[in-house]
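Beneath this line is the structure, given in structure tokens, with notes to follow.
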Amino acid sequence: MIEIKELQKSFGKQQVLKGVNLVINEGEVTAIIGRSGGGKSVLLKHIVGLLKPERGNILIKGKDITKLKGSKLDEIRADIGVVFQGGALFDSMTVYDNVAFPLTEKIKLNKKEIYEKVIKALSDVGLQGMEYKYPAELSGGMRKRVALARALIAHPKIILFDEPTTGLDPILVRSIHKLIRDTQKLYGFTGLIISHEIPEIFEISDRVAMLHDGRIVAVGSPEEIQKSDNIIVKSFIMGIENWEEL
Amino acid sequence: MKGIIRYIGRKTIDLWLFLGKMFIFLIESLYHIFTPPFKFKNFLRQVRFFGNKSIIVVIFTGGFSGMVLALQGYYALNKFGAEALLGPVVALSLIRELGPVLCALMVTGRAGSAVTAEIGIMRITEQIDALTVMAVNPMKYIVVPNILAGIVTFPILTTIFDVVGIYGGYLVSVHALGLSEGTYFSQMELYVDMEDIRIGLYKSLSFGLLVTWICTFMGYYSGYGARGVSRATTNAVVLSSVVILLWDYMLGAFLL
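Taken in sequence, the protein lines are chains A and B. If you want this note's numbering, it's the 1-based position in the first sequence plus 14. If you want this note's numbering, it's the 1-based position in the second sequence plus 29.
Okay, here's the thing in structure tokens:
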């Protein structure tokens with residue numbers, strides 16, 4: 015579904031991605047783990063065309079999105095939903111308008127159809143009755159749920175999650191993870207989650223990739239990653255900064 | 030010595046890059062004004078925003094500008110017995126010069142800064158990225174409605190400023206300084222031409238474009254964090270104010 019080949023990106027003199035190679039399979043939830051500042055969010059922004067790499071390609075359904083611009087890139091984006099780190103909800107709009115936004119802007123539906131879809135998406139994420147609240151009136155967890163509802167509403171084939179549980183308490187982390195898993199089963203999207211929630215992330219992923227120092231250093235099932243002999247993976251999972259201590 | 034030359038060179042290149050970026054931003058905005066889909070609702074919301082934010086301060090400054098012009102004008106004209114010309118002095122000063130300039134400065138401080146801060150916050154909270162990934166062009170959705178609203182509201186607000194200012198001048202001239210009501214308005218009618226009104230209109234139209242261009246640009250490319258947005262807002266207000274005065278002189282010299 016998504017194939018990333020030798021992706022390289024620098025900001026000034028700092029090279030953030032040094033040749034990322036990764037395949038994300040259709041219908042699966044793939045998690046990318048790694049330390050903060052390791053380039054995970056930068057990688058996600060490349061997949062949705064917000065950043066352009068210096069070298070490398072990203073193939074989505076066979077099309078290299080690093081070469082696409084304008085309406086051709088928008089065509090690919092129509093199949094992708096993104097749940098941003100802070101939710102990126104439009105704070106001048108109500109929850110209803112936020113969730114309805116992809117439908118009102120891109121897909122021409124009548125008001126009744128939009129209403130039904132918004133109510134369904136909000137109930138899928140457990141937020142019935144919150145339609146007319148503003149993002150500022152919601153808790154962090156609720157905002158993430160609204161962001162998920164907005165990403166789900168146009169039924170995209172791919173959803174990218176940029177640290178969807180950062181800043182939430184452990185109970186909310188579990189509940190958001192469960193929500194991602196449940197909605198993935200319900201809608202069947204291909205998911206990519208950027209996270210450093212260890213070990214919770216292993217419960218909801220089909221595959222896990224570890225990004226370290228601008229490269230993917232390990233890929234495998236959650237079990238394989240947890241049993242990995244790779245010293246970088248081991249030290250990250252155990253939360254040890256200096257791997258020589260192992 | 031080498032260090033100084035290098036510093037000047039780097040600053041010059043930075044300045045040209047900044048101006049180039051601003052110019053491309055303007056061209057892109059103008060392109061999106063004329064290409065569908067048109068965001069009419071957003072445009073109306075911004076017209077309301079500009080008007081709502083600025084109307085009180087425009088009325089207030091307009092009124093007092095007219096009043097002080099009448100006071101000072103009377104003092105000067107009285108010296109050579111030309112008090113009868115107080116009406117035209119107040120009206121011409123307001124319509125040709127003070128109305129467009131002061132109104133633009135007030136709207137910049139009141140609504141322009143708010144536009145920069147709002148767009149800047151949208152940038153740092155990834156709302157602009159969210160628009161892009163939903164295949165909604167942020168230039169079309171955020172920038173163009175602001176620029177169009179500026180072009181429409183600046184002349185309207187300037188007109189209000191002028192009218193209130195002339196009335197303020199009337200209050201001082203007639204009720205405080207004892208000039209006859211007929212003289213104040215009849216002389217004004219005699220000396221103020223359509224050409225003067227047209228010049229004021231051209232100025233306010235161009236200020237509307239300049240201010241919204243600068244304020245949206247600064248917000249769109251604001252730096253990260255609260256400091257980035259606050260710096261962008263300050264820069265937007267300072268640059269807009271300087272450009273208003275500079276452009277006013279250039280336009281004045283050209284149109285006279």
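We put the beta carbon where it would ideally sit given N, CA and C, even for glycine. Quick caveat, the model's predicted, so the values are computed rather than measured.
Name the residue from the options whose alpha carbon lies nearest to the alpha carbon of residue i.
i              : options                        : result
I226 (chain B) : B:L200, B:M247, B:A133, B:G128 : B:G128
R159 (chain A) : A:I246, A:V96, A:E20           : A:V96
I56 (chain B)  : B:T263, B:V76, B:M168          : B:M168
V187 (chain A) : A:A163, A:I215, A:L166, A:E145 : A:I215
E217 (chain A) : A:M224, A:S235, A:T204         : A:S235
L48 (chain B)  : B:T263, B:L268, B:L98          : B:L268
L65 (chain A)  : A:K131, A:Y201, A:I79          : A:I79
M279 (chain B) : B:I33, B:G141, B:A265, B:S235  : B:S235
Q28 (chain A)  : A:V56, A:E40, A:I18, A:K19     : A:V56
L208 (chain B) : B:K232, B:M51, B:F52, B:A99    : B:A99
S209 (chain A) : A:E238, A:S24, A:M224, A:K23   : A:M224
K147 (chain A) : A:I128, A:E127, A:L58, A:L103  : A:L103
E42 (chain A)  : A:K241, A:S242, A:G205, A:V247 : A:G205
F78 (chain B)  : A:L58, A:S106, A:K23, A:V30    : A:S106
A282 (chain B) : B:I228, B:K31, B:V193          : B:I228
L186 (chain B) : B:Q156, B:E210, B:K232, B:W242 : B:K232
Excluding the 5 residues flanking residue i on each side, which residues of the same chain have their C-beta closer than 8 Å to its C-beta?
i              : result
N166 (chain B) : H61, L160
T90 (chain B)  : L131, C132, M135, F190
L152 (chain A) : V109, M144, V160
P117 (chain B) : Q216, M217, L219, Y220, V221
Could you tell me whether the Cβ atoms of residue i and residue j are closer together than 8 Å?
i              : j              : result
K120 (chain A) : A164 (chain B) : yes
G60 (chain A)  : I72 (chain A)  : A small correction: the amino acid at residue 60 (chain A) is His; Gly does not occupy that position in the sequence shown. Cβ distance < 8 Å, so H60 (chain A) and I72 (chain A) count as in contact.
L82 (chain A)  : I90 (chain A)  : yes
S202 (chain B) : L115 (chain B) : yes
V181 (chain B) : V76 (chain B)  : yes
L162 (chain A) : T197 (chain A) : yes
S251 (chain B) : R152 (chain B) : yes
D176 (chain A) : Q99 (chain A)  : yes
V144 (chain B) : C244 (chain B) : yes
I176 (chain B) : S58 (chain B)  : yes
G80 (chain B)  : E147 (chain B) : no
Y230 (chain B) : P174 (chain B) : Reading the sequence as shown, one finds Leu at residue 230 (chain B) and not Tyr. No; because the gap between Cβ atoms is not below 8 Å, this pair is not in contact.
F246 (chain B) : F67 (chain B)  : no
N244 (chain A) : V231 (chain A) : yes
P149 (chain A) : N112 (chain A) : yes
Give me, in chain order, the residues of the same chain whose beta-carbon lies closer than 7 Å to that of residue i; leave out the 5 immediate sequence neighbours on both sides.
i              : result
R229 (chain A) : K32, G33, V34
M86 (chain B)  : The amino acid occupying residue 86 (chain B) in the given sequence is Val; Met does not appear at that position. Result list for V86 (chain B): M135, R139, in chain order.
Q142 (chain A) : L136
I195 (chain B) : G95, V119, A120, L123
Y199 (chain B) : Y213
T180 (chain A) : Q99
R164 (chain A) : N112, V113, F115, P116
From the DSSP output, in three-state form, read off residue i for me.
i              : result
V160 (chain A) : helix
I212 (chain A) : coil
S269 (chain B) : helix
I167 (chain A) : coil
M247 (chain B) : helix
L239 (chain B) : helix
T204 (chain A) : strand
K120 (chain A) : coil
L186 (chain B) : helix
D225 (chain B) : helix
Q289 (chain B) : No information on residue 289 (chain B) is available, as it lies outside the stretch 30 to 285 that chain B covers here.
V247 (chain A) : helix
D88 (chain A)  : helix
G253 (chain A) : coil
E127 (chain A) : helix
Q142 (chain A) : coil
A178 (chain B) : helix
L106 (chain B) : helix
K77 (chain A)  : strand
CA-CA distance, residue i and residue j?
i              : j              : result
V62 (chain A)  : G84 (chain A)  : 13 Å
I120 (chain B) : A178 (chain B) : The displayed chain sequence assigns Ala, not Ile, to residue 120 (chain B). A120 (chain B) and A178 (chain B): Cα-Cα distance of roughly 26 Å.
G101 (chain A) : V172 (chain B) : 22 Å
E68 (chain A)  : I88 (chain B)  : 54 Å
R221 (chain A) : E211 (chain A) : 15 Å
I150 (chain B) : V132 (chain A) : 26 Å
M223 (chain B) : M217 (chain B) : 12 Å
I167 (chain A) : Y201 (chain A) : 10 Å
T118 (chain A) : V266 (chain B) : 34 Å
V240 (chain B) : A105 (chain B) : 34 Å
L23 (chain B)  : F109 (chain B) : The requested residue 23 (chain B) does not occur in the structure, where chain B is confined to residues 30 to 285.
K86 (chain A)  : I74 (chain A)  : 12 Å
To which residues of the same chain is residue i closer than 6 Å at the C-beta, ignoring the five residues directly before and after it?
i              : result
T212 (chain B) : A113
D277 (chain B) : V130
G197 (chain B) : G92, G95, M96
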